[in-house]
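What follows is a short report on a single structure.
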Amino acid sequence: MPRAYLDHAATSPMPEAVLSAYTEALRQLGNPASTHAHGQIASEQLEAARQSIGAVLGADPAMVTLTGGGTESINLALKGLFWAAQRAAKSAAGAGNSGSSGLSVPKPVVLIAAGEHHATIEAAEWLRDAQGAQLQVLPLDHEGVLQPSTLSEALEEFGPENIALLSFLLANNEVGSVQPARELAAIAKAAGVPVHIDAVSSLGQLSIDFRELGVAALSVSAHKIGGPVGVGALLIARNATIDPILHGGSQQRSRSGTQNVAGAVAFAAALRHAYGDSTEEFQRRITRLRALRDKLIAGVRSSVPEAVLRGAEPGIADEDPRLAGSAHFTFPGCQGDSLVFLLDAAGVSASVGSACRAGVAEVSHVLLAMGVPEDEAIGSLRFTLSADTDESEIDALLETLPDAVHRARAAGLS
99 MPRAYLDHAA TSPMPEAVLS AYTEALRQLG NPASTHAHGQ IASEQLEAAR
149 QSIGAVLGAD PAMVTLTGGG TESINLALKG LFWAAQRAAK SAAGAGNSGS
199 SGLSVPKPVV LIAAGEHHAT IEAAEWLRDA QGAQLQVLPL DHEGVLQPST
249 LSEALEEFGP ENIALLSFLL ANNEVGSVQP ARELAAIAKA AGVPVHIDAV
299 SSLGQLSIDF RELGVAALSV SAHKIGGPVG VGALLIARNA TIDPILHGGS
349 QQRSRSGTQN VAGAVAFAAA LRHAYGDSTE EFQRRITRLR ALRDKLIAGV
399 RSSVPEAVLR GAEPGIADED PRLAGSAHFT FPGCQGDSLV FLLDAAGVSA
449 SVGSACRAGV AEVSHVLLAM GVPEDEAIGS LRFTLSADTD ESEIDALLET
499 LPDAVHRARA AGLS
């Protein structure tokens with residue numbers, strides 16, 4: 099029997115059309131920075147891919163900086179925005195105190211939402227510990243949402259002039275709750291605070307219009323929608339300043355290094371597959387994905403009535419407050435890791451949360467940030483789908499889940 103794969107938030111399989119585009123591009127010889135014919139052919143492929151990526155995400159090609167994945171993209175955004183803010187503060191202090199020495203420059207504040215991906219959390223903590231940033235974590239509500247009023251209070255408390263940046267997820271990668279991104283971005287923009295959005299987990303499930311959002315930077319990753327692992331992008335607004343992490347070549351804005359032509363081509367192909375050729379085609383895919391998610395949620399609630407759905411309740415169409423392919427439950431009396439093991443043995447792949455923390459024994463920081471008690475949060479299980487998921491995979495889960503829960507409870511929480 100084929101296995102059921104319900105862990106698309108960890109990585110999603112590569113469709114045939116993407117694989118074909120990828121392997122064909124891998125055959126192309128030439129460094130896109132070279133001036134000879136081979137290099138120029140590679141450069142044309144690269145720029146066509148960059149234009150295609152930008153067109154899907156509402157960005158000009160010049161705004162698309164290709165990276166080695168979502169983690170690099172997030173690190174570049176947070177560190178680059180912070181360093182740029184520090185330089186600007188030192189320059190302003192120097193201009194106002196010419197001839198003085200030992201200037202004391204206020205340490206810019208870094209605002210992040212609680213429950214962020216560990217790439218954001220650990221990059222922000224590094225800025226605090228190694229670069230002198232003042233890190234402030236903004237609380238979430240019980241659904242995992244950063245409320246605009248919470249952001250407004252933080253801006254008033256710290257003063258916009260002291261804040262280097264704000265970073266938050268477009269939708270939570272564990273519980274799937276969609277953030278009020280436009281409202282949050284508008285509040286920060288009105289205060290003059292640069293905003294970075296982590297859209298890695300939202301790619302392929304939410305329409306993304308970078309220009310409309312009006313933020314400084316936005317991170318995406320190819321393998322979440324069936325592209326290659328190790329390929330991502332940071333969209334950077336024209337008026338944003340982001341200091342580079344890597345130096346040596348200046349091939350791209352804010353990033354040096356020979357560009358991955360085949361990866362860019364495959365990323366563009368994966369975006370075309372995920373979003374289709376029209377808004378209507380994308381909506382048809384999302385409607386099917388939402389139906390699969392709702393079937394899974396209803397089935398879990400029916401087969402294991404005590405299971406608790408975490409995050410926002412499902413909605414419809416543009417009013418849906420959670421990702422169309424995400425369902426996250428806690429199961430009382432169970433260890434999440436035990437459930438993953440038992441389901442795996444029965445041929446169903448799921449996860450307790452982010453694959454970036456796989457093998458690390460810890461309670462979900464997202465659930466704790468939502469106020470879920472630790473003894474409940476320990477029994478978490480995340481199911482994530484794609485529009486190409488087959489209904490039989492959900493049927494396989496619902497058939498095996500009750501027994502897995504029963505056996506996990508028998509094993510206990512220790």
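For reference, each letter of the sequence shown is one residue, going 99 to 512 in this note's numbering. The beta carbon of each residue, even a glycine, is placed where N, CA and C say it ideally should be.
- Item | Rounded separation between Ser436 and Arg507 - CA only | 9 Å
- Grab the span of the alpha helix (DSSP H) containing Gln149 for me, first residue to last. 135-155
- Message: Using only CA atoms, which one of His294, Ser250, Thr248 lies nearest to Ala262?
- Response: His294
- Message: In the DSSP output, which residue or residues are listed as bridge partners for Asp296?
- Response: Leu267, Ser317
- Task: Quick one: grab the DSSP three-state call for Phe427.
- Result: Three-state DSSP puts Phe427 in a strand.
- Leu164 versus Leu369 - alpha carbon distance: Looking at the two C-alpha atoms, the distance is approximately 14 Å.
- Query: What are the complete beta strand (DSSP E) segments, minimum 3 residues, inside the stretch 229-263?
  - Reply: 232-236
- Item | Pairwise C-alpha distance: Leu104 and Val438 | The alpha-carbon of Val438 is positioned some 11 Å away from that of Leu104.
- Message: Determine, for Glu255, whether the minimum Cβ-Cβ distance to residues of chain B falls below 8 Å.
- Response: Going by chain labels, chain B is absent from the structure shown, which holds only one protein chain.
- Task: Report the three-state DSSP secondary structure of Arg353 (helix, strand or coil).
- Result: In the structure shown, Arg353 sits in a strand (DSSP, three-state: E or B).
- Task: Measure the Cβ-Cβ separation of Gly178 and Ile340 and say whether it is below 8 Å.
- Result: yes
- Using only alpha-carbon positions, find the residue among Val243, Trp181, Gly431, Ile476 that is nearest to Glu460. Minimum Cα distance to Glu460 is reached at Ile476.
- Query: Between the stretch 120-131 and the stretch 346-364, do three or more beta carbon pairs fall short of 8 Å?
  - Reply: yes
- Message: Tell me the DSSP secondary structure of Thr165 in three-state form.
- Response: In this structure, Thr165 counts as strand in the three-state DSSP scheme.
- Cβ pair Asp296, Thr218 closer than 8 Å: yes
- Item | Of the residues Leu333, Arg408, Glu241, Gly257, the one placed nearest Ala175, counting alpha carbons only | Leu333
- Item | Contact belief for Pro258 with Val291 at Cβ below 8 Å, rounded distance in angstroms | 5 Å
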